[in-house]
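Asker:
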Amino acid sequence: MKQNNQKEDRRNFLKNIGFGLLGISVLSNFSFENFLGSKALAKELPDFKIEGKKDLIYHGEKPLTAETEIYALDSDFTKPENFFVRNNGLPPSLETIKERLHKGWTLEINGESIINKKSYTIEDLKKKFKTYTYALTVECGGNGRSEVIPSTKGTQWGYGAVACGRWTGVRLKDILKDCGIKNDAVYIGYYGIDTKLNGEETSPISRGVPISKALQDETLIAWAYEGKDIPLVNGYPLRLVCGGYPASTSGKWLYKISVRNKIHDGEKMEGSYKVPVNPVKPGDFNYKGEMKIIESMPIRSVITNIKNGSEIKANKKFEVRGKAWAGELEVSEVYISNDYGVTWTKAKVEKPLNRLAWQKWSAQISIPTKGYYEIWARAIDSQGNSQPMVLAQWNPGGYINNACHRVNVYGV
1 MKQNNQKEDR
11 RNFLKNIGFG
21 LLGISVLSNF
31 SFENFLGSKA
41 LAKELPDFKI
51 EGKKDLIYHG
61 EKPLTAETEI
71 YALDSDFTKP
81 ENFFVRNNGL
91 PPSLETIKER
101 LHKGWTLEIN
111 GESIINKKSY
121 TIEDLKKKFK
131 TYTYALTVEC
141 GGNGRSEVIP
151 STKGTQWGYG
161 AVACGRWTGV
171 RLKDILKDCG
181 IKNDAVYIGY
191 YGIDTKLNGE
201 ETSPISRGVP
211 ISKALQDETL
221 IAWAYEGKDI
231 PLVNGYPLRL
241 VCGGYPASTS
251 GKWLYKISVR
261 NKIHDGEKME
271 GSYKVPVNPV
281 KPGDFNYKGE
291 MKIIESMPIR
301 SVITNIKNGS
311 EIKANKKFEV
321 RGKAWAGELE
331 VSEVYISNDY
341 GVTWTKAKVE
351 KPLNRLAWQK
361 WSAQISIPTK
371 GYYEIWARAI
381 DSQGNSQPMV
391 LAQWNPGGYI
401 NNACHRVNVY
411 GV
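Using full-length UniProt numbering, you'd call the opening residue of the sequence shown number 1 and step up by one each time.
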């Protein structure tokens, strides 16, 4: 199977950018691959570098954003160097983190609905509570935004703003049990040491999740990812991990959690990561109707072993494989089509390592003749929800687009 690269200019891409932040450097002279179905996906950037990272597609400096090349999601779990980068604010400098660690990094637990306010060092967490490791899927709420039509503001993600790997830490529920929570607890809010893009620190970036999510077994306060320290740009040394929810709920550089008696009102809770309760007309950017907070992410699948433009021998079986995930649910079925959804081949779907982990799938298919074809992947979750073949419902934020992943190939 031969793979070709097709070059094109990338829409609204910033060139010749230099970073000083976190040892990040970006050089010029980019070239890009035309990935079908996404006007923002690019080929591997050989001159693009974030310290400790590779196989990423750069989107912007402020906020710092870079998604994973789809082929780098082919491994069983996302490698630390391939974990996508997404920040709503400015990441703390290495010097700031070192200084805080030297003084003793602590996690403070407070809020209206906490009985006993407490503070724990990282060593306290490791010694006082049982350690757990879970494979958890973390996906940006805007993953797939580049396919939303009419286009919306926000990072124009392709399909690579997702990762699944094994996180190690302690259960948040165990910490909250140690502190005691009141019966009126509704939500938790997290706080990290990152700052707003303008550097203002008086109202820090803060989001949260319902108390029911906070008390799930798999919701972790983690210090390790794939057996190593969490990558600096992904939240080292301490991160809240809420698998299956938008990645923005998994607070990085964590120093405080507040247990609230109301829906958390922190920065990024009011205007972001919400979708209309009722369907709206595409392009209605002035929509003022009722909105709801995004919680469990929708069903999605990606093809990870075939690049766009691949040449495949006609009338001969070949493997198509990838990953699928479904927020807080489980993936039950995956189907593959090579004729624009007229017929579908059922794939073999493996069970997840644990709840909230993505699932591997594979299928054997063929293309009948020489020429241009598209391979589509469509997943169905345990409640019967299916990926749409096109954008299911437009929303002003361009969130939760889970349309089928499509790859173009050429029969030879």
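Even glycine gets a Cβ: it sits at the ideal position worked out from N, Cα and C.
Give the list of continuous alpha helix (DSSP H) stretches no shorter than 4 residues that lie fully inside the segment 133 to 195.
Answerer: If we require 4 residues or more, the alpha helix (DSSP H) runs fully inside the segment 133 to 195 come out as 172 to 179.
Asker: Please determine, among 203, 412, 137 and 402, the residue with the shortest C-alpha to C-alpha distance to residue 84.
Answerer: Position 84 of the sequence shown holds residue 84. Comparing Cα-Cα distances from residue 84 to each of 203, 412, 137 and 402, the minimum goes to 137.
Asker: In three-state DSSP terms, what is residue 231?
Answerer: Along the sequence shown, read from residue 1 onward, the residue named residue 231 stands at position 231. Coil at residue 231, not helix or strand.
Asker: If you drop the 5 nearest sequence neighbours on each side, which residues of the same chain put their C-beta closer than 7 Å to that of residue 440?
Answerer: Beyond the ends of the chain as shown, which are 1 and 412, falls residue 440; an answer cannot be given.
Asker: With a cut-off of 8 Å on the beta carbons, I'd call residue 255 and residue 187 a contact; round off their distance for me.
Answerer: Here residue 255 refers to the residue found at position 255 of the sequence shown. Here residue 187 refers to the residue found at position 187 of the sequence shown. So it is not a contact: roughly 18 Å between Cβ atoms.
Asker: According to DSSP, is residue 92 helix, strand or coil?
Answerer: Within the sequence shown, residue 92 is the residue found at index 92, counting from 1. Here residue 92 sits in coil by DSSP.
Asker: Indicate whether residue 86 and residue 247 have their beta-carbon atoms separated by less than 8 Å.
Answerer: As a position in the sequence shown, residue 86 is number 86, starting the count at 1. As a position in the sequence shown, residue 247 is number 247, starting the count at 1. Yes, they are a contact pair.
Asker: Is residue 401 near residue 148, with beta carbons less than 8 Å apart?
Answerer: The residue labelled residue 401 in the question sits at position 401 within the sequence shown. The residue labelled residue 148 in the question sits at position 148 within the sequence shown. Taking 8 Å as the Cβ cut-off, residue 401 and residue 148 qualify as a contacting pair.
Asker: Which parts of the segment 263 to 305 are runs of the beta strand (DSSP E), unbroken and 3 residues or longer, counting only runs that do not cross its ends?
Answerer: Fully enclosed beta strand (DSSP E) runs of 3 or longer: 274 to 276, 291 to 293 and 300 to 303.
Asker: Hey, how far is the Cα of residue 231 from the Cα of residue 222?
Answerer: Here residue 231 refers to the residue found at position 231 of the sequence shown. Here residue 222 refers to the residue found at position 222 of the sequence shown. Their Cα atoms are separated by approximately 12 Å.
Asker: For residue 377 and residue 236, what's the separation of their Cα atoms in angstroms?
Answerer: As a first step, residue 377 is located in the sequence shown; it is residue number 377 there, counting from the start. As a first step, residue 236 is located in the sequence shown; it is residue number 236 there, counting from the start. Cα to Cα, residue 377 sits roughly 35 Å from residue 236.
Asker: Taking just the CA atoms, how far does residue 335 sit from residue 343?
Answerer: On the sequence shown, position 343 is the one that residue 343 refers to. On the sequence shown, position 335 is the one that residue 335 refers to. When rounded, the distance between both Cα atoms is 9 Å.
Asker: Could you have a look at residue 26 and say whether DSSP puts it in helix, strand or coil?
Answerer: For the purposes of this step, residue 26 is identified with residue 26 of the sequence shown, where counting begins at 1. With a pLDDT of 31 at residue 26, under the threshold of 50, the modelled position of this residue cannot be trusted; read the value that follows with caution. Strand at residue 26.
Asker: With residue 299 and residue 362 assumed to form a contact (beta carbons below 8 Å), what rounded beta-carbon distance in angstroms separates them?
Answerer: Numbered from its first residue, the sequence shown carries residue 299 at position 299. Numbered from its first residue, the sequence shown carries residue 362 at position 362. Between residue 362 and residue 299 the Cβ distance is about 18 Å, and since that is not below 8 Å, they are no contact.
Asker: I'd like the list of long-range same chain contacts for residue 135, defined as Cβ closer than 7 Å, with 5 residues on each side in sequence excluded.
Answerer: In the sequence shown, counting from the first residue as 1, residue 135 sits at position 135. So the qualifying residues of the chain are 77, 164, 165, 166, 353, 354 and 357.
Asker: Which residues does DSSP pair with residue 51 in a beta bridge?
Answerer: Within the sequence shown, the letter at position 51 stands for residue 51. Bridge partners of residue 51: none, in fact.
Asker: Give the single residue among 211, 62, 160 and 268 whose Cα lies nearest to the Cα of residue 204.
Answerer: Position 204 of the sequence shown, counted from the start, is the residue given in the question as residue 204. When each option's Cα is compared against that of residue 204, the closest is 268.
Asker: By how many angstroms is the C-alpha of residue 324 removed from the C-alpha of residue 407?
Answerer: Here residue 407 is taken as the residue at index 407 of the sequence shown, counted from 1. Here residue 324 is taken as the residue at index 324 of the sequence shown, counted from 1. Looking at the two C-alpha atoms, the distance is approximately 16 Å.
Asker: Just verifying my parser: in three-state terms, what is the DSSP assignment at residue 249?
Answerer: Position 249 of the sequence shown holds residue 249. Here residue 249 sits in helix by DSSP.
Asker: Determine the direct distance from the alpha carbon of residue 160 to that of residue 139, and round the result to whole angstroms.
Answerer: For the purposes of this step, residue 139 is taken as the residue at position 139 of the sequence shown. For the purposes of this step, residue 160 is taken as the residue at position 160 of the sequence shown. Those two C-alpha atoms are separated by around 9 Å.
Asker: Count the CB pairs spanning the segment 390 to 399 and the segment 367 to 382 that are closer than 8 Å, and state whether there are at least three.
Answerer: Result no; under three Cβ-Cβ pairs closer than 8 Å.
Asker: Could you give the C-beta distance for residue 405 and residue 303, rounded to a whole number, given that I count them as a contact under 8 Å?
Answerer: Within the sequence shown, numbered from 1, the residue matching residue 405 stands at position 405. Within the sequence shown, numbered from 1, the residue matching residue 303 stands at position 303. Correct: roughly 6 Å between the Cβ atoms.
Asker: Report the option in 321, 168 and 96 whose CA atom is closest to the CA atom of residue 73.
Answerer: Numbered from its first residue, the sequence shown carries residue 73 at position 73. Checked all of 321, 168 and 96; the closest Cα to residue 73 is 321.
Asker: When DSSP labels each residue in this structure, what does residue 370 get in the three-state scheme?
Answerer: Looking up residue 370 in the sequence shown gives position 370. Three-state DSSP puts residue 370 in coil, outside helix and strand.
Asker: According to DSSP, which residues form a beta bridge with residue 210?
Answerer: Here residue 210 corresponds to residue number 210 of the sequence shown, with the count starting at 1. Per DSSP, 187.
Asker: So, using beta-carbon positions, are residue 289 and residue 150 closer together than 8 Å?
Answerer: Here residue 289 is taken as the residue at index 289 of the sequence shown, counted from 1. Here residue 150 is taken as the residue at index 150 of the sequence shown, counted from 1. Taking 8 Å as the Cβ cut-off, residue 289 and residue 150 do not qualify as a contacting pair.
Asker: Taking 8 Å as the cut-off, decide whether the C-beta atoms of residue 131 and residue 119 are in contact.
Answerer: Translated into positions along the sequence shown, residue 131 becomes position 131. Translated into positions along the sequence shown, residue 119 becomes position 119. No, the Cβ-Cβ distance between residue 131 and residue 119 is not below 8 Å.
Asker: Report back the beta-carbon spacing between residue 158 and residue 67 to the nearest angstrom; my notes put them in contact at under 8 Å.
Answerer: Along the sequence shown, read from residue 1 onward, the residue named residue 158 stands at position 158. Along the sequence shown, read from residue 1 onward, the residue named residue 67 stands at position 67. Contact flag correct, Cβ pair sits at about 6 Å.
Asker: Taking the alpha-carbon positions, what's the residue 153 to residue 318 distance?
Answerer: Here residue 153 is taken as the residue at index 153 of the sequence shown, counted from 1. Here residue 318 is taken as the residue at index 318 of the sequence shown, counted from 1. Residue 153 and residue 318: Cα-Cα distance of roughly 39 Å.
Asker: Report the residue from 62, 80 and 64 whose alpha carbon sits nearest the alpha carbon of residue 55.
Answerer: As a working mapping, residue 55 is identified with position 55 in the sequence shown. Among 62, 80 and 64, the Cα nearest to that of residue 55 belongs to 80.
Asker: Would you list the one or two residues that DSSP bridges to residue 359?
Answerer: Stepping through the sequence shown from its first residue, residue 359 is reached at position 359. Answer is 324.
Asker: Please list the terminal residues of the continuous alpha helix (DSSP H) segment that includes residue 205.
Answerer: For this step, residue 205 is matched to residue 205 along the sequence shown. Careful: residue 205 lies outside any alpha helix (DSSP H) and carries neither H nor E.
Asker: Could you pull the DSSP bridge partners for residue 60 from this structure?
Answerer: The sequence position of residue 60 within the sequence shown is 60, counting from 1. BP columns for residue 60 point to 65.
Asker: Would you mind working out which of 169, 62 and 287 sits nearest residue 227, comparing C-alpha positions?
Answerer: In the sequence shown, the residue the question calls residue 227 occupies position 227. With distances taken between Cα atoms, residue 227 lies closest to 169.
Asker: Report whether the distance from the Cβ of residue 353 to the nearest heavy atom of the ligand FAD is below 7 Å.
Answerer: Among the components of this structure there are no ligands whatsoever, and the ligand FAD is therefore not found.
Asker: By alpha-carbon positions, which one of 65, 90 and 381 ends up nearest to residue 201?
Answerer: Residue numbering aside, residue 201 sits at position 201 when the sequence shown is read from its first letter. Out of 65, 90 and 381, 90 has the C-alpha closest to the C-alpha of residue 201.
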